[in-house]
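Counting with mature numbering (1 follows the signal peptide of the UniProt record, and there is no 0), you get residues -19 to -1, 1 to 124 for the letters of the sequence shown.
Think of the CB as a built atom: it goes at the ideal place given N, C-alpha and C, for glycine as much as any other residue.
Presented below is the structure to which this report refers.
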Amino acid sequence: MFIKIIFITFCFFPFFSNASVNSYVNCFTSSDQKGINLKFVTINDGGRDKWLGGYVKYEKSNYPITVVPIKESAEKFTEGRPYEYTTTWIEIINGKPEGKYMTVRQGAIFSSFVYINTKSKKRYDFTQVFDAMNDGSCQWKKH
């Protein structure tokens, strides 16, 4: 009897859950002359449980780096415009925090995207690159 209940539960589970998951891809390049390119992907649960996570994938890397938000604030500057969100993300590599990203965005526009390496304290500023977006990924122009 217990097995039947579990089976029926799993058969109807998709109808009971509202499993909307949203992902957003943004492309950035370093503001210095080094030309470091990265893809920043955020994933959320559509506001249901207010879950948020993401990853960063550097153009010359084979692996994504997990980022976890640790602090977020929102401000409304102009009526009818989106809130401005300031978020601090911790970069996790091999289970340890290795750096942090600080982002400021309003809607889909990032006015600030900064990476700081925890050990060296070196700071990297990035600029959003809209024309690199290509079907949910980043296509970087070769120089």
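Excluding sequence positions up to five before and after threonine 23, its CB lies within less than 6 Å of the CB of Tyr5 and Gly35, all in the same chain and listed in chain order. Cβ-Cβ separation between glutamate 72 and isoleucine 46: approximately 6 Å, consistent with a contact (criterion under 8 Å). The DSSP-derived three-state label of phenylalanine 111 is helix. In the structure shown, glutamate 60 adopts coil according to DSSP, grouped into three states. Considering only Thr67, Gln14, Gly80 and Gln87, the residue with the shortest C-alpha distance to valine 37 is Gly80. In the DSSP annotation of this structure, the continuous segment of the beta strand (DSSP E) that includes arginine 86 starts and ends at 77 to 87. Shown here, arginine 104 sits in a strand according to DSSP, grouped into three states.
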